[in-house]
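Read the structure below first, then the notes.
There are 2 protein chains.
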Amino acid sequence: MKKLNLIVCLMLMVFTINTASAQARRQRPVISPEIKSDSKITFRLMAPEAKTVKLTGNWMTGAGAQIELMKNDSGMFQATVEPLPSEMYTYTFSVDGVRTLDPSNPIIVRDGTRNESMFMVPGDKTNLYGVFDVPHGTLEIVWYPSSSLGLTRQMYVYTPPGYKESTGKFPVLYLLHGAGGDEDAWTTLGRTPQILDNLIASGKAKPMIVVMTNGNPGDAAAPGATPAKKAVTGQPAQGNAMGSGRFEESIVKDVIPFIEKSYKVAADKNNRAVAGLSMGGMQTLYLTNNYPEKFSYFGVLSMGLMDNRQGGANTSADDRMKGLEKLKASQPKLYWIGIGKDDFLYANAQSLRKFLDDNKFKYEYLETTGGHTWPNWRIYLSELAPKFFK
Amino acid sequence: MKKLNLIVCLMLMVFTINTASAQARRQRPVISPEIKSDSKITFRLMAPEAKTVKLTGNWMTGAGAQIELMKNDSGMFQATVEPLPSEMYTYTFSVDGVRTLDPSNPIIVRDGTRNESMFMVPGDKTNLYGVFDVPHGTLEIVWYPSSSLGLTRQMYVYTPPGYKESTGKFPVLYLLHGAGGDEDAWTTLGRTPQILDNLIASGKAKPMIVVMTNGNPGDAAAPGATPAKKAVTGQPAQGNAMGSGRFEESIVKDVIPFIEKSYKVAADKNNRAVAGLSMGGMQTLYLTNNYPEKFSYFGVLSMGLMDNRQGGANTSADDRMKGLEKLKASQPKLYWIGIGKDDFLYANAQSLRKFLDDNKFKYEYLETTGGHTWPNWRIYLSELAPKFFK
Numbered sequence: 030m031k032k033l034n035l036i037v038c039l040m041l042m043v044f045t046i047n048t049a050s051a052q053a054r055r056q057r058p059v060i061s062p063e064i065k066s067d068s069k070i071t072f073r074l075m076a077p078e079a080k081t082v083k084l085t086g087n088w089m090t091g092a093g094a095q096i097e098l099m100k101n102d103s104g105m106f107q108a109t110v111e112p113l114p115s116e117m118y119t120y121t122f123s124v125d126g127v128r129t130l131d132p133s134n135p136i137i138v139r140d141g142t143r144n145e146s147m148f149m150v151p152g153d154k155t156n157l158y159g160v161f162d163v164p165h166g167t168l169e170i171v172w173y174p175s176s177s178l179g180l181t182r183q184m185y186v187y188t189p190p191g192y193k194e195s196t197g198k199f200p201v202l203y204l205l206h207g208a209g210g211d212e213d214a215w216t217t218l219g220r221t222p223q224i225l226d227n228l229i230a231s232g233k234a235k236p237m238i239v240v241m242t243n244g245n246p247g248d249a250a251a252p253g254a255t256p257a258k259k260a261v262t263g264q265p266a267q268g269n270a271m272g273s274g275r276f277e278e279s280i281v282k283d284v285i286p287f288i289e290k291s292y293k294v295a296a297d298k299n300n301r302a303v304a305g306l307s308m309g310g311m312q313t314l315y316l317t318n319n320y321p322e323k324f325s326y327f328g329v330l331s332m333g334l335m336d337n338r339q340g341g342a343n344t345s346a347d348d349r350m351k352g353l354e355k356l357k358a359s360q361p362k363l364y365w366i367g368i369g370k371d372d373f374l375y376a377n378a379q380s381l382r383k384f385l386d387d388n389k390f391k392y393e394y395l396e397t398t399g400g401h402t403w404p405n406w407r408i409y410l411s412e413l414a415p416k417f418f419k
Numbered sequence: 030m031k032k033l034n035l036i037v038c039l040m041l042m043v044f045t046i047n048t049a050s051a052q053a054r055r056q057r058p059v060i061s062p063e064i065k066s067d068s069k070i071t072f073r074l075m076a077p078e079a080k081t082v083k084l085t086g087n088w089m090t091g092a093g094a095q096i097e098l099m100k101n102d103s104g105m106f107q108a109t110v111e112p113l114p115s116e117m118y119t120y121t122f123s124v125d126g127v128r129t130l131d132p133s134n135p136i137i138v139r140d141g142t143r144n145e146s147m148f149m150v151p152g153d154k155t156n157l158y159g160v161f162d163v164p165h166g167t168l169e170i171v172w173y174p175s176s177s178l179g180l181t182r183q184m185y186v187y188t189p190p191g192y193k194e195s196t197g198k199f200p201v202l203y204l205l206h207g208a209g210g211d212e213d214a215w216t217t218l219g220r221t222p223q224i225l226d227n228l229i230a231s232g233k234a235k236p237m238i239v240v241m242t243n244g245n246p247g248d249a250a251a252p253g254a255t256p257a258k259k260a261v262t263g264q265p266a267q268g269n270a271m272g273s274g275r276f277e278e279s280i281v282k283d284v285i286p287f288i289e290k291s292y293k294v295a296a297d298k299n300n301r302a303v304a305g306l307s308m309g310g311m312q313t314l315y316l317t318n319n320y321p322e323k324f325s326y327f328g329v330l331s332m333g334l335m336d337n338r339q340g341g342a343n344t345s346a347d348d349r350m351k352g353l354e355k356l357k358a359s360q361p362k363l364y365w366i367g368i369g370k371d372d373f374l375y376a377n378a379q380s381l382r383k384f385l386d387d388n389k390f391k392y393e394y395l396e397t398t399g400g401h402t403w404p405n406w407r408i409y410l411s412e413l414a415p416k417f418f419k
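Chains as they are written, first to last, in this note's numbering: chain V, 30 to 419; chain U, 30 to 419.
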């Protein structure tokens with residue numbers, strides 16, 4: 030009985046820290062989202078004073094698609110959506126027109142300067158990137174000097190299970206995010222640590238280090254990792270313009286040397302891969318053209334030729350051809366392209382394929398359904414990582 | 030001109046991913062919070078359809094304290110608060126009664142199952158835990174086997190600047206969070222990596238490893254780090270009851286051996302410290318009583334004697350005295366107590382002091398203003414870490 034008193038007393042600590050929150054907690058908790066056994070999902074929000082609550086989810090199609098939640102007598106808004114296939118989903122509420130996260134769901138994912146509530150519907154997709162009872166790698170949040178960018182910068186480094194104890198040397202995948210993202214994107218949205226853990230546990234992928242940098246050359250780190258709040262202007266930060274080649278140069282001049290000095294790395298081209306999505310795909314194309322001797326494996330995800338120029342905004346048709354000749358001469362082991370049928374860069378990816386076909390350069394190609402989205406990029410990483418370092 | 034077109038085109042990628050968000054971004058961005066040069070803070074929310082918007086911040090005192098934002102003709106709600114002293118602040122909005130994060134502020138901190146928007150007012154406090162141009166340590170997110178708890182569990186490990194290159198062996202601080210928290214708390218809310226970076230750079234603290242575990246023995250990891258959403262019931266998860274000693278046993282039996290196998294560690298009591306806040310302070314007291322031979326440095330933050338029993342829910346007065354005799358015999362180098370004048374456990378901390386005084390046991394004591402809050406715990410870590418391993 031005394032033990033129970035003590036526990037009750039200590040639990041009160043949590044409650045007394047924030048009275049408003051304590052009041053909310055003493056009410057019967059709201060469960061949202063609730064994933065039923067038939068994969069129907071119920072969303073709930075207690076909002077007696079609100080007029081309207083709407084739901085926006087990344088599974089909805091069409092501009093401005095929303096579902097209206099219905100209010101009951103106790104002021105609870107609720108909507109149940111039809112069964113959703115297995116996937117990691119993000120959503121927000123709109124409460125009387127204000128974009129709101131779900132206060133009943135502690136799990137938030139950040140995409141650049143936007144935050145969304147997240148849930149998963151278990152099944153084939155989450156089998157790729159769920160947390161399972163397999164050996165787990167380590168995720169390191171590391172700062173490194175970038176003399177070419179004049180910044181000390183933050184990056185994430187995944188080391189595979191067994192890395193610490195191993196006396197071996199590991200291959201490295203440099204994995205690049207898209208516009209609006211940062212060094213956290215491939216971890217939180219891309220689920221890279223979980224994908225690699227699962228692929229390595231099943232023997233599909235070789236144990237490898239994965240390096241996830243911040244692809245915006247004007248930024249030291251993601252919002253929140255520096256004391257200054259990142260300006261929320263909808264415009265790229267100064268120095269972050271794509272296509273300058275500054276970030277790509279820093280990969281070769283700063284990142285690779287740092288990684289090969291600080292980690293147990295097999296430091297040769299046959300043990301280096303680079304892959305990127307969208308802006309990161311463009312950065313990968315820059316590296317194929319300018320540093321093919323550094324990598325044996327290339328992955329171009331949701332990207333293609335832009336304005337008839339392959340990678341780097343200033344690449345002329347001439348330079349592009351020179352880049353391809355250089356790439357051919359370096360005899361890469363894999364050049365991989367992945368794109369969704371509904372991707373707004375689909376035609377650009379086809380232009381890239383035509384350019385490579387016309388010039389008798391071999392590549393692998395994966396075409397999926399869907400568009401320019403993380404569900405595709407998680408699949409592409411799951412398909413691509415097993416092809417590296419074999 | 031072509032280069033500009035390309036950049037504009039690529040920026041559109043970000044916008045086209047989510048139409049609702051794209052619409053929001055095309056509007057003139059809302060700046061919130063805006064910290065003026067006089068440290069007045071303006072909060073803004075665009076909410077033409079909302080009736081009321083209120084602000085709750087952790088700097089406000091009194092139960093249910095809120096500030097109402099005023100609506101202008103364009104539907105923008107706004108409030109300016111008087112200058113706030115330097116600190117890391119968290120806040121939420123209430124939009125027609127619904128608890129909402131600030132959609133204009135990308136920076137969210139999670140405290141257990143609650144999320145809040147965050148900002149910092151620069152000055153003396155943020156000098157302790159801001160990101161400055163000093164060498165940075167690495168934060169590792171690591172999984173380890175806990176055979177005593179029957180779980181594979183996640184923890185955070187800070188390694189100091191220079192750790193990777195060093196051939197030396199480092200002392201270790203085991204740093205324990207409070208009720209409602211998890212392995213992320215001392216990093217995100219406690220700013221441990223930044224505090225240690227800054228203390229080490231100024232020569233105030235010795236380079237040390239800091240191990241931040243999940244103190245809830247029934248949990249494998251924080252919400253979001255496992256596929257199952259943590260139940261939001263306001264009750265501790267099954268097996269998470271405080272005072273069972275299960276977590277404390279796992280520190281000694283699982284965590285310390287894992288750390289000393291996996292890291293470059295000086296593996297003796299003079300190179301081990303343990304400190305904890307609130308529930309973590311109670312866990313520290315358990316360790317002083319039961320494993321004093323394992324540590325030379327103890328920090329009890331915002332905790333004291335509960336119900337006349339020191340640490341561990343089943344500790345009788347007899348056992349407590351036996352524990353103290355054992356602790357005395359082990360001749361610890363530091364026993365440190367920190368508490369705020371307004372802490373609801375202030376009297377308990379005084380009971381602990383009286384018990385130690387009555388029994389002629391030396392300790393150091395820091396009394397601050399304020400209560401049972403992170404602003405105090407960040408100060409306590411800043412004061413305490415320099416005292417370790419000297």
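For every residue, glycine included, the Cβ atom is placed at its ideal position computed from N, Cα and C.
Within 7 Å of chain V by C-beta, residues of the region 104–126 of chain U in sequence order: Val124, Asp125, Gly126
Compute the Euclidean distance between the alpha carbons of tyrosine 326/V and tyrosine 320/V, then round it to the nearest angstrom. 12 Å
Would the beta-carbon of histidine 165/V be found less than 7 Å away from any heavy atom of the ligand NAP? The model depicted lacks the ligand NAP and carries no ligand whatsoever.
Taking the alpha-carbon of alanine 414/U as reference, which of Leu374/U, Lys83/U, Gly367/U has the nearest alpha-carbon? Gly367/U
Can the beta-carbon of serine 380/V be found closer than 8 Å to that of glycine 333/V? yes
Which of helix, strand or coil DSSP assigns to glycine 305/U: strand
List, in chain order, every chain U residue whose beta-carbon is nearer than 7 Å to that of arginine 139/V. Pro135
Pull up the DSSP beta-bridge partners for lysine 100/V, would you. Phe106/V
Using the beta-carbon of each residue, which ones in chain V are nearer than 9 Å to serine 175/U? Per Cβ cutoff of 9 Å: no residues; serine 175/U is ~13 Å from chain V at best.
Cutoff 7 Å; reference glycine 104/U; Cβ partners in own chain excluding five residues on either side: Met75, Ala76, Pro77
With DSSP collapsed to three states, give me the class of phenylalanine 72/U. strand
Could you tell me if methionine 237/V is buried or exposed, where buried requires 16 or more neighbouring beta carbons within 10 angstroms of its beta carbon? buried
Does arginine 275/U come within less than 8 Å of chain V when only Cβ atoms are used? no
Return the bridge partner residues of glycine 310/U from the DSSP annotation. Glycine 310/U pairs with nothing; no bridge assigned.
Beta strand (DSSP E) runs contained entirely in the region 123–186 of chain U, provided each spans 3 or more residues: 127–129, 137–140, 143–150, 167–175
Ignore the nearest five residues each way along the sequence and tell me which others in proline 114/V's own chain have a CB closer than 6 Å to its CB. none
Partners in chain U for lysine 193/V, counting only beta-carbon separations shorter than 7 Å: Ser291
What does histidine 206/U touch in chain V if you count any residue whose Cβ is under 7 Å from its own? The contacting residues do not exist; histidine 206/U stays about 12 Å from chain V at best.
Three-state secondary structure assigned by DSSP to threonine 48/U: Bear in mind that a pLDDT of 40 at threonine 48/U, under 50, signals an unreliable position, so the model cannot answer this.
Just verifying my parser: in three-state terms, what is the DSSP assignment at tyrosine 320/U? coil
How many Å lie between glutamate 322/V and glutamine 312/V at the Cα? 16 Å
With 16 other Cβ atoms within 10 Å as the buried cut-off, status of asparagine 243/V: buried
Check whether lysine 69/V and proline 112/V have beta carbons under 8 Å apart: yes
Does the region 146–165 of chain U come close enough to the region 83–103 of chain V that 3 or more CB-CB pairs lie under 8 Å? no
So glycine 86/V is in the beta strand (DSSP E); what residue range does that whole segment cover? 82–86
Please look up how many angstroms separate the CB atoms of phenylalanine 324/V and valine 303/V, rounded, as I've assumed it's under 8 Å. 5 Å
Among Ala378/U, Val201/U, Ala208/U, nearest to proline 286/U - alpha-carbon criterion: Val201/U
Proximity winner among Leu218/U, Lys391/U, Gly191/U, relative to alanine 358/U (alpha-carbon distances): Lys391/U
Close beta carbons around tryptophan 365/U, own chain, < 6 Å, minus the five adjacent residues each side: Gly328, Glu393, Leu413
How many Å lie between isoleucine 140/U and threonine 216/U at the Cα? Note on residue identity: the sequence assigns aspartate, not isoleucine, to residue 140/U. Each residue's Cα considered, the two are about 11 Å apart.
For isoleucine 238/V, the three-state DSSP class (helix, strand or coil): strand
Under 8 Å between C-beta atoms, does leucine 39/U make it to chain V? Low confidence applies to leucine 39/U: its pLDDT is 42, below 50, so where it sits in the model is not reliable enough to give any reading.
Would you list the one or two residues that DSSP bridges to isoleucine 60/U? None, per the DSSP bridge assignment.
Threonine 317/U classed as buried or exposed, judged by whether at least 16 other C-beta atoms fall within 10 angstroms: buried
Can you list the residues of chain V that valine 171/U reaches, using a CB-CB cut of under 7 Å? Thr167
Counting only Cβ-Cβ distances shorter than 8 Å, please list the residues of the region 321–332 of chain U near chain V, keeping chain order. none
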